[in-house]
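Undergrad:
Okay, here's the thing in C-alpha cells:
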C-alpha cells in the first residue's frame with residue numbers, strides 16, 4: 001500500500017468509529033467530511049472572493 005492509501009484508510013476507519021459511537025450511518029459522516037473539506041479548500045482558494053456556496057445540500061444532509 002502507498003502512503004496515501006494508508007492515510008485514506010486511517011481516516012475512513014476513524015470516521016467509521018465515530019459513526020459507530022454516535023449511532024449514525026458511516027456514509028452520512030463521510031458526506032459531511034467531504035463537504036467540509038471542499039468548503040475548507042474553497043475558502044483557501046485564490047478565487048474564494050468570487051465563490052458563492054449555497055447550503056441546500058448541507059441542510060439536506062442534516063434533515064435525513
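In full-length UniProt numbering, the protein residues as written are 1 to 64.
Cβ coordinates follow ideal geometry from the N, Cα and C atoms, glycine included.
Note that this is a predicted model, so its numbers are computed, not measured.
1. Which of the three DSSP states, helix, strand or coil, is assigned to residue 45?
2. In three-state DSSP terms, what is residue 55?
3. For residue 31, which three-state DSSP category applies?
4. Skipping 5 residues on each side, what residues in its chain have a beta carbon closer than 8 Å to that of residue 2?
5. If I follow the unbroken alpha helix (DSSP H) through residue 24, where does it start and stop?
TA: In terms of the structure at hand:
1. Looking at residue 45 - three-state DSSP - the assignment turns out to be coil, as it is neither helix nor strand.
2. Residue 55: coil per DSSP, three-state reduction.
3. Correct three-state label for residue 31: helix.
4. Within the same chain, residue 2 has no close Cβ partners at all.
5. Per DSSP, residue 24 lies in no alpha helix (DSSP H) and is assigned neither H nor E.
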